[in-house]
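Shown next, in structure tokens, is the structure this report addresses.
In my numbering, the protein residues as written are 3 to 133.
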């Protein structure tokens with residue numbers, strides 16, 4: 003509209019003013035702007051409703067998290083002994099596992115040694131080590 007208004011000559015503007023073309027153009031522009039404002043208002047209303055729901059949900063989550071923090075603090079007070087017992091148990095289990103792994107390794111070595119001896123005796127009895 004601004005570009006069109008700047009390009010029109012004085013006589014053309016006078017003619018449009020007398021025939022009502024300028025007023026019709028301005029009314030169309032105003033109607034378009036009003037529709038844009040109404041659409042924006044609807045969108046903002048929907049957004050506000052959505053945000054209100056979201057904010058309520060966030061408030062509920064925040065309340066629940068605060069409650070959980072409080073409950074966790076209470077549990078932490080009572081769980082110090084349990085934590086210490088769990089650490090002791092974990093250490094004992096770790097030691098037992100290491101002991102079992104060492105025993106398993108020794109058994110594996112003994113089995114390998116026995117297999118090797120059997121192989122050597124087998125070769126010896128077959129005459130491979132006769133010389």
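Every residue, glycine too, gets a C-beta built ideally from N, C-alpha and C.
Return the chain-ordered list of same chain residues with a C-beta closer than 8 Å to the C-beta of residue i, the five sequence neighbours on each side being excluded.
i	result
residue 11	none
Near residue i, what residues of its chain come up, given a Cβ to Cβ distance below 6 Å and the 5 sequence neighbours on each side ignored?
i	result
residue 83	none
residue 46	none
residue 66	none
Is the beta carbon of residue i less than 8 Å from the beta carbon of residue j?
i	j	result
residue 22	residue 15	no
What are the boundary residues of the alpha helix (DSSP H) that residue i is part of?
i	result
residue 38	23–128
Considering only residues of the same chain and omitting the five flanking positions on each side of residue i, which have a CB-CB separation below 7 Å?
i	result
residue 44	none
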